[in-house]
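Position 19 of the sequence shown, counting from 1, maps to 16 under the working numbering, and the rest follow consecutively.
See below for the structure under consideration.
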Amino acid sequence: MADGTEPNKFDKKLKLEVFDKNGKSLEVVKEVEVYTKGDPAKDTSISWHAKTKTLAGNKVNPGDKLTDAQGTVWVVKSASTVGQGEIWIIKCEKKNP
């Protein structure tokens, strides 16, 4: 936001694909509510802030993938919760096409 404050609304919905340690897809969670200060169209690395309650009980781990409305795939590099665990900070890199 222009004044430097955090946005209060989660204005995007992404799809989360959860993988096991062998790379097998375990689950797909649609409609994960997120926001970012970055520009998904231009950035190759980005941090998504996701509402924990929209993750359907899943933990986010490195190697999991988020897909945005434009079909861009973001590979999770690290993820952690903040506050009382109500928000995940998910650091990702854009997957090469």
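Using N, Cα and C, we set each Cβ at its ideal position, and we do this for glycine too.
Asked: Below 8 Å on the Cβ atoms is my contact criterion, and I expect N58 with V72 to pass it. Report the Cβ-Cβ distance as a whole number of Å.; Found: Wrong, their Cβ atoms sit about 11 Å apart, outside the cutoff.
Asked: By Cβ distance below 8 Å, which residues in the same chain neighbour L52 in space, the five residues on each side in sequence not counted?; Found: L13, V26, V29 and W85
Asked: Less than 6 Å between C-beta atoms, sequence neighbours within five positions excluded: which residues of the same chain meet that for K9?; Found: V31
Asked: Tell me F16's beta-bridge partners as DSSP assigns them.; Found: S22
Asked: Between K48 and F7, how many whole angstroms is the CB-CB distance? I'm expecting something under 8 Å.; Found: 6 Å
Asked: Would you tell me roughly how many angstroms separate the C-alpha atoms of S22 and D61, rounded to the nearest one?; Found: 9 Å
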